Amino acid sequence: MRLDEPVSGMKTFSLRSPAKLNLALKVLRKRPDGYHNLRTIFERINLWDDLTFHARASGDIRIFCHHPQVPLGPKNLIFRAAQLLQKEFNMRQGVSVHLVKRIPVAAGLAGGSSNAAATLLGLNRLWHLNLSLEQLVEYGKRLGSDVPFFLYNCPWALGENRGDAIQPLNFSIRLWHVLVTPRFKMYTREVFGSLNLQLTKPDDNVNILLRSLKQNDLSKVAKFLSNDLESSILQLRPQLAVVMAKLRACDVLGVAFSGSGPSVFGLCRSRSHAGQISLILRRQYRQVFAVNTM
Ligand code: C5P
Numbered sequence: 001m002r003l004d005e006p007v008s009g010m011k012t013f014s015l016r017s018p019a020k021l022n023l024a025l026k027v028l029r030k031r032p033d034g035y036h037n038l039r040t041i042f043e044r045i046n047l048w049d050d051l052t053f054h055a056r057a058s059g060d061i062r063i064f065c066h067h068p069q070v071p072l073g074p075k076n077l078i079f080r081a082a083q084l085l086q087k088e089f090n091m092r093q094g095v096s097v098h099l100v101k102r103i104p105v106a107a108g109l110a111g112g113s114s115n116a117a118a119t120l121l122g123l124n125r126l127w128h129l130n131l132s133l134e135q136l137v138e139y140g141k142r143l144g145s146d147v148p149f150f151l152y153n154c155p156w157a158l159g160e161n162r163g164d165a166i167q168p169l170n171f172s173i174r175l176w177h178v179l180v181t182p183r184f185k186m187y188t189r190e191v192f193g194s195l196n197l198q199l200t201k202p203d204d205n206v207n208i209l210l211r212s213l214k215q216n217d218l219s220k221v222a223k224f225l226s227n228d229l230e231s232s233i234l235q236l237r238p239q240l241a242v243v244m245a246k247l248r249a250c251d252v253l254g255v256a257f258s259g260s261g262p263s264v265f266g267l268c269r270s271r272s273h274a275g276q277i278s279l280i281l282r283r284q285y286r287q288v289f290a291v292n293t294m
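Residue numbers for the sequence shown follow our numbering, so the first one is 1 and each next one is one higher.
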């Protein structure tokens, strides 16, 4: 099933909004606009939120969600995505979006960006806008660097420029991970802000990983997991070194942060391996997930 396919009638339908991991993230340089150019490998995983869309005859944009950390107004990327399309196309209609939030908030898993992408796809259908993928991607870029990846409906992609220039990758490999999300937020802006580019290694891990994924070489994938934001994340939250060490002690194949953290994942050999390790880690951490490529 395509992720943007409605599961019920025309006026009300639900979309899945999945999370991502970054298997490699190389920061290349700081740009004049304050962003950083990077190269990253995105993996879509089977941890997802659900968004249900209802058309509203009045022009209001309303978000409904029980999660205490989810803002319901203009700070929410769902709201901003809807407002962007509403203004751009002079839409009189509004929308109600019911959000079931399972992806931890501000955790390096791009839950908010994925919700924005699902909203663009959902409103394209609900409001009959007939926008092409290319047009949706342009709106996605305006909402956030991670938004375009989720518009492509692909499990793997290479992200370049701000991470928003997407090249879908046709890899057949499916990976299992154990994912630990400590219960505090990290802000991407802050992590990039304290990054010292002179301290990042001049490695070629992204290209090596691309080859290893293509060749289904699990041990090589594990060896070359990397994230240039790691030192900055650890500098801001030194206690995360303990989480990494605990994961490593669990006999995973490799460990890395996703995005700007604090989520840490361990690459596992199989579903049962991920399941076993998640049981051990659940004794110490509250948010532990066994996840796979989706
Ligand atoms: O694009 P997004 O709104 O998710 O980015 C949040 C913040 O992360 C930006 O304001 C910027 O400080 C930082 N960032 C960056 N380079 C990127 C992506 C994000 O510096 N490629």
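Note that beta-carbon positions come from the ideal geometry of N, C-alpha and C, so glycine has one too. Predicted, not measured: the structure shown is a model, and the values here were computed from it.
Any non-hydrogen atom of the ligand C5P closer than 7 angstroms to residue i Cβ
i: residue 192; result: yes
i: residue 39; result: no
i: residue 139; result: no
i: residue 29; result: no
i: residue 145; result: yes
i: residue 162; result: yes
i: residue 188; result: yes
i: residue 36; result: yes
Residue range of the alpha helix (DSSP H) that includes residue i
i: residue 82; result: 77-88
i: residue 242; result: 240-249
i: residue 150; result: 147-151
i: residue 252; result: Looking at the DSSP string, residue 252 is not in any alpha helix (DSSP H), and its letter there is neither H nor E.
i: residue 215; result: Looking at the DSSP string, residue 215 is not in any alpha helix (DSSP H), and its letter there is neither H nor E.
i: residue 189; result: 188-193
i: residue 141; result: 133-143
i: residue 237; result: Looking at the DSSP string, residue 237 is not in any alpha helix (DSSP H), and its letter there is neither H nor E.
i: residue 125; result: 111-126
Residues bridged to residue i [DSSP beta-bridge criterion]
i: residue 167; result: 158
i: residue 40; result: 25, 159
i: residue 105; result: None, per the DSSP bridge assignment.
i: residue 205; result: DSSP, once it has assigned bridges, lists no residue as partnering residue 205.
i: residue 277; result: Per DSSP, none; premise fails for residue 277.
i: residue 226; result: 24
i: residue 52; result: 14, 98
Residue span of the beta strand (DSSP E) that contains residue i, given as start and end
i: residue 270; result: It is not in any beta strand (DSSP E) - residue 270 carries neither H nor E in the DSSP assignment.
i: residue 18; result: 12-30
i: residue 62; result: 61-64
i: residue 97; result: 94-100
i: residue 292; result: 288-292
i: residue 180; result: 176-180
From the options, residue whose alpha carbon lies closest to that of residue i
i: residue 38; options: 136, 222, 279, 202; result: 202
i: residue 99; options: 271, 277, 118; result: 118
i: residue 187; options: 282, 260, 160, 70; result: 260
i: residue 196; options: 287, 26, 19, 15; result: 26
i: residue 166; options: 112, 58, 136; result: 136
i: residue 277; options: 247, 172, 46; result: 247
i: residue 143; options: 79, 92, 107; result: 79
i: residue 139; options: 109, 46, 121; result: 121
i: residue 243; options: 57, 280, 44; result: 280
i: residue 289; options: 181, 85, 88; result: 181
i: residue 45; options: 258, 273, 36, 262; result: 258
i: residue 64; options: 57, 73, 58; result: 73
i: residue 89; options: 129, 194, 217; result: 129
i: residue 24; options: 132, 146, 71, 159; result: 159
i: residue 85; options: 71, 170, 126; result: 126
i: residue 231; options: 190, 83, 43; result: 190
i: residue 31; options: 161, 106, 11, 236; result: 161
i: residue 204; options: 227, 185, 217; result: 227
i: residue 229; options: 19, 11, 28, 20; result: 28
i: residue 272; options: 133, 175, 104, 40; result: 175
i: residue 164; options: 173, 67, 198, 40; result: 40
i: residue 233; options: 21, 221, 108, 13; result: 108
i: residue 14; options: 218, 66, 97; result: 97
Whole-number beta carbon distance between residue j and residue i, since they are thought to touch under 8 angstroms
i: residue 17; j: residue 124; result: Not confirmed; about 15 angstroms, so no contact.
i: residue 149; j: residue 36; result: Their Cβ separation, rounded to whole angstroms, is 16 angstroms, which puts residue 149 and residue 36 out of contact at 8 angstroms.
i: residue 183; j: residue 69; result: In fact, because the Cβ distance is near 10 angstroms, the residues do not count as touching under 8 angstroms.
i: residue 179; j: residue 255; result: In fact, because the Cβ distance is near 11 angstroms, the residues do not count as touching under 8 angstroms.
i: residue 225; j: residue 169; result: With a Cβ gap of about 16 angstroms, residue 225 and residue 169 do not count as contacting.
i: residue 112; j: residue 60; result: Not quite, the Cβ-Cβ distance comes to about 21 angstroms (not below 8 angstroms), so this is no contact.
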